[in-house]
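A.B. asks: So for the sequence shown, the working numbering puts the first residue at 755; every next one is plus one.
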Amino acid sequence: ALSNALQVDALDIHDSAYNAKGHAGVALVPAAVLMSKPLKDISGIEHLRDRKVDLDFDHPLTGEEFLTYLVIGYEIAYRAGETLITTATDYHSSGAWNALGCAAMW
């Protein structure tokens, strides 16, 4: 996940939304790339196997699923960003609302 996040600067994935005053891609793209791998290959989430969570641990996402989750993440992130910026206009709030977009993809 960290290497995916570091690639954001290398690939210049600093998209922007004027109404949200921030960059959703810096968080959403690395999270979506991580999600595209089979979950069994991602360390640190083994505890989810024991829970009754509807996740497929053995198959990667299809291209259509990848794009669908990414669109959902962008939609939620930018809507949250637009809402937050109305109350904190001088605050660069990407960190606050990008987490919501990432969580929405999962």
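Beta carbons: idealized from backbone N, C-alpha and C, even for Gly.
No experiment lies behind these values; they were computed from the predicted model shown.
From residue 836 to residue 762, what distance separates their C-alpha atoms?
C.D. replies: So the two alpha carbons sit approximately 22 Å from each other.
A.B. asks: Where does residue 852 land, buried or exposed, given buried means 16+ other C-beta within 10 angstroms?
C.D. replies: Residue 852 comes out buried.
A.B. asks: What's the C-alpha gap between residue 844 and residue 774?
C.D. replies: Approximately 11 Å, taken between the alpha carbons.
A.B. asks: Going by C-alpha to C-alpha distance, which of 829, 756, 779, 772 sits closest to residue 766?
C.D. replies: Here the closest residue by C-alpha is 779.
A.B. asks: What does residue 764 pair with, by DSSP beta-bridge criteria?
C.D. replies: Note: residue 764 sits in no beta bridge, so no partner.
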